[in-house]
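Participant: Our numbering puts the first residue of the sequence shown at 70, with every later residue one more than the last. Here a beta-carbon is modelled for each residue, glycine too, at the ideal position from N, C-alpha and C. The structure displayed is predicted, hence computed values, not measured ones.
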Amino acid sequence: MEKIRIRDDFIKLGQALKLSGLVGSGVDAKIVVQDGQVKVNGRVETQRGKKLVAGDEVSYDSNTFVIVSDKE
């Protein structure tokens, strides 16, 4: 499983999707999230601005990554 490292306390879902390379732009992130194609911790998430923290797991298009804090 891929790990996305964050320096701050959280990262927004749309930003995390772009950082992971699963979407090419913020517009793409907005579309896939609003269409209900993204799951956070096993539940469909439709808010692109959802704050993700260390330990959160994101799934999209048969890919999964976990948020990891650099502070740990």
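Measuring only from the beta carbon, is F79 closer than 7 Å to any heavy atom that is part of the ligand GDP?
Facilitator: Although the ligand GDP was asked about, the structure shown includes no ligands whatsoever.
Participant: Am I right that A85 and V122 are in contact with their C-beta atoms under 8 Å? What's the rounded C-beta distance?
Facilitator: Wrong, their Cβ atoms sit about 11 Å apart, outside the cutoff.
Participant: Starting from the C-beta of E114, find all residues in its chain whose C-beta is less than 6 Å away, skip the five residues before and the five after it, and write them out in chain order.
Facilitator: The answer, listed in chain order, is V107.
Participant: Using C-beta distances below 8 Å, list every residue in its chain close to V135, excluding the 5 sequence neighbours before and after it, in chain order.
Facilitator: So the qualifying residues of the chain are M70, E71, K72, I73, G124, D125, E126 and V127.
Participant: Report, in whole angstroms, the separation of the C-beta atoms of G83 and A98, which I expect to be a contact under 8 Å.
Facilitator: With 8 Å as the limit, G83 and A98 qualify as a contact, their Cβ atoms being about 4 Å apart.
Participant: If I measure Cβ to Cβ from G118 and keep anything under 6 Å in the same chain, skipping five residues before and after, which residues do I get?
Facilitator: These residues qualify, in order along the chain: K81.
Participant: Give the DSSP-derived three-state secondary structure of L82 in the structure shown.
Facilitator: In the structure shown, L82 sits in a helix (DSSP, three-state: H, G or I).
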